[in-house]
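Novice: Numbering (UniProt numbering), first residue to last: 1 to 253. Sharing a structure, written as structure tokens. Questions coming.
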């Protein structure tokens with residue numbers, strides 16, 4: 001039997017991320033893994049999108065400014081610096097976990113490594129703080145190297161963790177990905193994709209649900225982009241079973 005704590009997209013909401021990890025007894029007061037996590041009594045899966053706050057107000061808070069100007073290189077620098085500080089802390093935590101913290105590569109993480117795509121989240125928000133070609137700064141090389149170790153999916157028997165959805169094509173953030181709106185709607189329009197992909201239970205992020213984590217009525221998957229709702233998913237897994245998830249619980253914190 002294995003226990004997994006799955007936490008949805010971070011988007012630089014570091015305060016809430018660390019609160020979730022504390023609630024799950026994954027991190028101690030020094031920002032390091034607890035003994036149960038290091039000993040493998042449970043594992044943590046972060047669903048990706050570590051970077052890029054979702055709103056202008058969150059950018060302003062992160063940069064320590066009353067207002068945030070996306071055209072101001074100083075503001076971009078401050079937002080990038082604050083994120084780098086927290087990324088360093090998270091990297092230290094993950095690397096000290098004995099391999100029991102897994103981080104998925106989200107499309108926003110990928111956009112930091114490959115700046116061909118300009119991402120935004122509406123309301124005039126654009127994510128350029130790590131794009132030197134658009135007034136931002138270069139993510140430090142050691143953090144770029146760390147980002148390249150993030151996985152596109154994690155499989156535990158017939159259990160799948162992936163940032164967007166069950167299809168392999170949903171984990172590659174290219175022209176086809178950004179031209180296709182189904183990566184935001186598949187869970188509603190074609191939920192049978194999970195079983196068609198040979199998955200018996202899937203855990204996905206990327207698309208925020210109204211009201212927090214959604215465990216689909218089919219029992220085949222959960223959409224967990226719900227960090228801002230102060231929820232994470234706790235599952236118990238027996239990988240040898242065809243349906244490996246024996247318990248699935250939405251955990252508020």
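All C-beta atoms, glycine included, are put in the ideal place defined by N, C-alpha and C. Because the structure is a prediction, the values reported are computed rather than measured.
Buried or exposed: where does residue 131 fall if 16 or more other Cβ atoms within 10 Å of its Cβ makes it buried?
Specialist: buried
Novice: If you reduce the DSSP assignment to three classes, tell me which class residue 243 lands in.
Specialist: Note: residue 243 maps to coil in three-state DSSP.
Novice: Go through its chain and collect everything with a Cβ distance to residue 60's Cβ below 7 Å, but skip five positions before and after it.
Specialist: Result list for residue 60: 66, 67 and 68, in chain order.
Novice: Using 8 Å as the Cβ pair cut-off and three pairs as the minimum, do the stretch 155–170 and the stretch 44–56 touch?
Specialist: Touching, yes.
Novice: Near residue 187, what residues of its chain come up, given a Cβ to Cβ distance below 6 Å and the 5 sequence neighbours on each side ignored?
Specialist: 223
Novice: Alpha carbons only, please: which of 94, 104, 146 and 231 is nearest the one belonging to residue 31?
Specialist: 94
Novice: Would you list the residues sitting across from residue 204 in a DSSP beta bridge?
Specialist: 162 and 223
Novice: For the alpha helix (DSSP H) that residue 62 lies in, which residues bound it at each end?
Specialist: 56–63
Novice: Indicate, with yes or no, if the ligand NAP has a heavy atom lying under 8 Å from the CB of residue 147.
Specialist: The model depicted lacks the ligand NAP and carries no ligand whatsoever.
Novice: Could you pull out every residue in the same chain whose Cβ sits closer than 6 Å to the Cβ of residue 208, ignoring the five residues on either side in sequence?
Specialist: 225
Novice: List the residues that DSSP assigns as beta-bridge partners of residue 231.
Specialist: 252
Novice: Cα separation between residue 183 and residue 52?
Specialist: 19 Å
Novice: Just mark residue 170 as buried or exposed, buried being the case when its beta carbon has 16 or more other beta carbons within 10 Å.
Specialist: buried
Novice: So who's on the other strand from residue 27, going by DSSP bridges?
Specialist: 33
Novice: Considering Cα atoms alone, identify which of 139, 102, 36 and 189 is closest to residue 153.
Specialist: 102
Novice: Please classify residue 122: does DSSP put it in a helix, a strand, or coil?
Specialist: strand
Novice: State yes or no: is the C-beta of residue 11 within less than 9 Å of the C-beta of residue 38?
Specialist: Residue 11 is not a Cβ neighbour of residue 38, given a cutoff of 9 Å.
Novice: Compare the C-alpha of residue 210 against each of 194, 220 and 230 and name the closest.
Specialist: 230
Novice: Return the chain-ordered ranges of every alpha helix (DSSP H) run that is complete within the stretch 170–197 and spans a minimum of 4 residues.
Specialist: As far as the stretch 170–197 is concerned, its whole alpha helix (DSSP H) runs of at least 4 residues are 175–179, 182–189 and 193–196.
Novice: Just how far apart, CA to CA, sit residue 116 and residue 202?
Specialist: 30 Å
Novice: For a quick check, are the C-beta atoms of residue 34 and residue 227 less than 9 Å apart?
Specialist: no
Novice: If you count every other CB in all the chains shown that lies within 10 Å of the CB of residue 43, and 16 or more means buried, which is it?
Specialist: buried
Novice: My understanding is that residue 156 touches residue 73, with C-beta atoms under 8 Å, so please give their C-beta distance in whole angstroms.
Specialist: That belief does not hold up - the Cβ atoms of residue 156 and residue 73 are roughly 44 Å apart, past 8 Å.
Novice: Kindly identify the DSSP beta-bridge partner or partners of residue 2.
Specialist: 237
Novice: Would a C-beta distance cut-off of 9 Å place residue 128 and residue 177 closer than the cut-off?
Specialist: no
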